[in-house]
Every structure is written in C-alpha cells, then in structure tokens.
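One structure below.
Residue numbers (the working numbering): 71 to 388.
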C-alpha cells in the first residue's frame, strides 16, 4: 500500500517537472492575483448583505428571547441597531467613512433624499446606518425590481423598509413623516455612468413624489464612490444591449478598494407649490452636479482616492 502511494507521488513529481514550467506558473499566479482580488472583494459586500439577512431572521424568529436583553419597543428595533452598527463599523474601518452636514437631514419631519447611484450603492448603506444610529430614524429606500427576486433579500426588504416604489406608495411613506431615499438614475446609472455623470433621462417619478407629498428634497453625493467599486468599461455596447433586453445588471463589477469615502449632504431644496416635475428635476440635478464638481476630483483616480485616507497627503494632492 505504502509502495503504491510512493509510486503515485513519484509519478506526479515527474509529471510536474517534465511537463509543467513551475516558474512560469508561479509568475502567472503572482501576476493574476491582484486582478482576481478586485473581482473577489465585491463578493464580500454580498456576504455582508447575507449576514444582514441572517441577523434580521434571528430577531424575527427569536424576538421574545432577545426582547428582555435589548429592552426594545418592537421586534425590528434591536435588529436594525445591530445591522446599522455592523455597516457603520465596516464603513469606518474599510473606507474611513464620514458624513458632512448630516444636520441637513431633518430629525423630526419628512424629507426625500436624492442621491447619485454608484456601481454598488454602499454609501447609502453607510448613510442609512449613520442616520439610524445618530437620529434613531429609519430611511426607507426604493430599490430596483430585480433585487426582490434574489434569495434572502425579502427579509432585508421587510426589516429595513426597502420597496419597489410607485409614486403613490412613496408619497404615502413621506406623508407618514418618514425619510425616503431614491436614486433617479437607478441601475442604469450604476452600470453605465463612468465619470460621475447623472443618467436620469426623463425620469420624473421622484419629483412627482416630492410635489405630491409636499416635502423638501435633500441632495446627496458621496466622494470617491466609483473608486471603491467600478463596472468594467470594455464591451459597453454589449452590456448596454443586454440591460435593455433583460433590465438586469449584467456588466461585471470589480473593486472593493479601501478608498476614502465622504458623503456630502446638501442643503434642503424646499417644497415649492408652483414648480413642475420637469423644473424640479432640473433643479435637483443641477444641485447634485454642483456637489460632484465641488467635492469630486476629476479625472478620478483610485490611487489618489486611496491616498485620501492620509489627511496630510490628501491636502497636498488637492
């Protein structure tokens, strides 16, 4: 038996030596490792989402047991606090995440938060966590329909108040004195905006919601968002064609780089009873474009975004 194993080992050794260039294999693995890592890191975000789902399931199924420990008023409160702490910690450790002018988000009145959609809207996960931990207010969010077909997402939608969202449903949420976040560009902007250009087309839904609910709009932009995660730029026409046929984001995403991320919350745009949806859309896009021009370095650079983590170097680069 041992002789047979020994013969197999010798045979394998001879095969490797005679037919495989070990040095070339090692060089190739060294060369491809950074590329593989950039595609593996986004999987970590998916893992965090499933951890979020797991925590919410735990609180849903074991609320009676945990109620006395957390002394919360409803079964979701402690779960949301735990999930928010998880994402807030990830943002602080991995991106040095900060929010500028969070006081522009009201603490006791409704408002519609409008934001630029990155390849992965990880900045909204962080912002929602900050608002919930600091203001004890849950930000309801509108998500694309494809997310609701992903296994495990339903519990996140239920616990964190994520909805597909019609104008009527969104208006009712705001009329109930809640905060609501919408990215007008949606998945289209996430997949195909390369240089922080807004890709809203003629989407007026958010403007109709704000007018019907009579609430202010809070413009939001996150610095270096597209340096953290990016969609591949090659084959743009091909991915665009696939998206137009399936309405599903097919362009591969890579990244997960620990760049500095800073969310800038603009001044509220007050409700104006005389404004039209078209005029309101133009006004909001102008304000968000102004935030982008003011706070985002162009041309964007992953290297500089990484160096932004070091304050003294950031000051010299700027």
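Cβ atoms here follow ideal geometry from the backbone N, Cα and C, with glycine treated the same way.
Just so you know, these numbers come straight off a predicted model, no measurement behind them.
Is the beta carbon of residue j closer than 8 Å to that of residue i?
i, j, result
"residue 129", "residue 157", "no"
"residue 294", "residue 375", "yes"
"residue 172", "residue 204", "yes"
"residue 347", "residue 277", "yes"
"residue 170", "residue 364", "no"
"residue 256", "residue 193", "no"
"residue 324", "residue 114", "no"
"residue 233", "residue 119", "no"
"residue 330", "residue 165", "yes"
Give the straight-line distance between the Cα atoms of residue i and residue j, rounded to the nearest whole angstrom.
i, j, result
"residue 357", "residue 252", "15 Å"
"residue 369", "residue 167", "21 Å"
"residue 211", "residue 197", "12 Å"
"residue 279", "residue 286", "11 Å"
"residue 72", "residue 121", "Confidence at residue 72 is low in this model, with a pLDDT of 47, below 50, so the placement of that residue is unreliable and no value is reported for it."
"residue 283", "residue 350", "14 Å"
"residue 86", "residue 184", "Here the model assigns residue 86 a pLDDT of 48, short of 50, so the residue's position is not dependable, and the following value carries that caveat. Those two C-alpha atoms are separated by around 58 Å."
"residue 250", "residue 320", "27 Å"
"residue 155", "residue 124", "15 Å"
"residue 341", "residue 288", "11 Å"
"residue 335", "residue 290", "5 Å"
"residue 360", "residue 186", "12 Å"
"residue 304", "residue 373", "21 Å"
"residue 248", "residue 381", "36 Å"
"residue 296", "residue 245", "33 Å"
"residue 117", "residue 344", "46 Å"
"residue 292", "residue 144", "32 Å"
"residue 223", "residue 355", "30 Å"
"residue 259", "residue 273", "12 Å"
"residue 254", "residue 275", "8 Å"
"residue 127", "residue 270", "35 Å"
"residue 338", "residue 112", "33 Å"
"residue 242", "residue 235", "10 Å"
"residue 219", "residue 228", "14 Å"
"residue 104", "residue 379", "20 Å"
"residue 191", "residue 239", "22 Å"
"residue 182", "residue 308", "34 Å"
"residue 371", "residue 306", "20 Å"
"residue 367", "residue 377", "12 Å"
"residue 217", "residue 159", "24 Å"
"residue 199", "residue 230", "10 Å"
"residue 328", "residue 362", "20 Å"
"residue 311", "residue 221", "26 Å"
"residue 326", "residue 195", "15 Å"
"residue 174", "residue 201", "11 Å"
"residue 268", "residue 161", "24 Å"
"residue 281", "residue 237", "10 Å"
In the DSSP assignment, find the alpha helix (DSSP H) that holds residue i and state where it starts and stops.
i, result
"residue 181", "Segment 181 to 185 is the beta strand (DSSP E) holding residue 181; no alpha helix (DSSP H) there."
"residue 375", "372 to 377"
"residue 243", "237 to 245"
Got a sec: does the ligand PLP put a non-hydrogen atom nearer than 7 Å to the Cβ of residue i?
i, result
"residue 156", "Looking for the ligand PLP in the displayed structure turns up nothing, as the structure carries no ligands at all."
At the 8 Å Cβ level, is residue i part of the contact set with chain D, yes or no?
i, result
"residue 191", "The question asks about chain D, but that chain is absent: this structure has only one protein chain."
Where do the N-terminal and C-terminal ends of the beta strand (DSSP E) with residue i fall, by residue?
i, result
"residue 227", "It is not in any beta strand (DSSP E) - residue 227 instead sits in the alpha helix (DSSP H) that spans 223 to 230."
"residue 251", "249 to 252"
Discussion item. Please give the ranges of any alpha helix (DSSP H) in the segment 261 to 347, keeping only runs that are unbroken, at least 4 residues long and fully inside the region.
Written reply: For the segment 261 to 347, whole alpha helix (DSSP H) runs of length 4 or above, ordered along the chain, are 275 to 283, 295 to 298, 306 to 316.
Discussion item. Would you call the segment 142 to 156 in contact with the segment 178 to 186, where contact means no fewer than 3 C-beta pairs closer than 8 Å?
Written reply: The segment 142 to 156, when compared against the segment 178 to 186, does not touch it at the 8 Å Cβ threshold.
Worksheet entry | Stretch-stretch touch, CB-based, cutoff 8 Å, three pairs: the segment 288 to 304 with the segment 247 to 267 | Three or more Cβ pairs closer than 8 Å define a contact, and the segment 288 to 304 meets that threshold against the segment 247 to 267.
Worksheet item: Using 8 Å as the threshold, is the segment 301 to 318 in touch with the segment 193 to 208, meaning 3 or more CB pairs across them?
Response: Touching, no, given that fewer than three Cβ pairs across the two stretches are closer than 8 Å.
Practice prompt. At 4 residues or longer, and completely inside the segment 143 to 214: list those alpha helix (DSSP H) runs for me, N to C.
Written response: Listed in chain order, they are 147 to 165, 192 to 205.
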